[in-house]
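Encoded as structure tokens, the structure appears first; notes follow it.
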């Protein structure tokens, strides 16, 4: 008779998605509070249950309102975890075979490997190091520099 308790291999299949979902919800809640939204916790919970709401939040609310306070440590940590999760899904989609169990095993490896990269991007503003040379190249090709 099969057990209802998942094996460690099966439990790892659910680890990364749950951690990314919680981090995304926490980041939206913290970010909405910093931007003066009336119900930031409700918005964070809504994004947890309706992930398409994240796209709507990023397109309509974030672009239309400015921050009233700088990002907290919790918000930055949640953003770093969220970025590592999304990057691990994208890397897994392009590099791993289409077997779901193989992807589940390697997803946690990719997630752990990409956490330091997302830390550099979020905490150390590494995105500026990456985007400045690209921006210069685009401006040079357009002829604005």
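Residue numbers (this note's numbering): 1 to 145.
Ideal placement from N, C-alpha and C gives every residue a C-beta, glycine not left out.
Note that the structure is predicted; figures quoted are calculated from it, not measured.
Where residue 95 falls, given that 16 or more other Cβ within 10 Å makes a residue buried: Its Cβ having fewer than 16 others within 10 Å, residue 95 is exposed.
Cβ-Cβ distance between residue 19 and residue 81 below 8 Å: It is a contact, given that the beta carbons lie within the stated cut-off.
DSSP state of residue 96 mapped onto helix, strand, coil: Coil at residue 96, not helix or strand.
Residue 48 - containing alpha helix (DSSP H), residue span: Segment 40–49, the alpha helix (DSSP H) holding residue 48.
Spatially closest choice to residue 153 from 141, 115, 71, 77, by CA coordinates: An answer regarding residue 153 cannot be provided, because it is not within the stretch 1 to 145 covered by the chain.
Contact belief for residue 25 with residue 40 at Cβ below 8 Å, rounded distance in angstroms: Contact doesn't hold; Cβ gap of about 11 Å is too wide.
Reduced DSSP secondary structure (H/G/I, E/B, other) of residue 124: In the structure shown, residue 124 adopts coil according to DSSP, grouped into three states.
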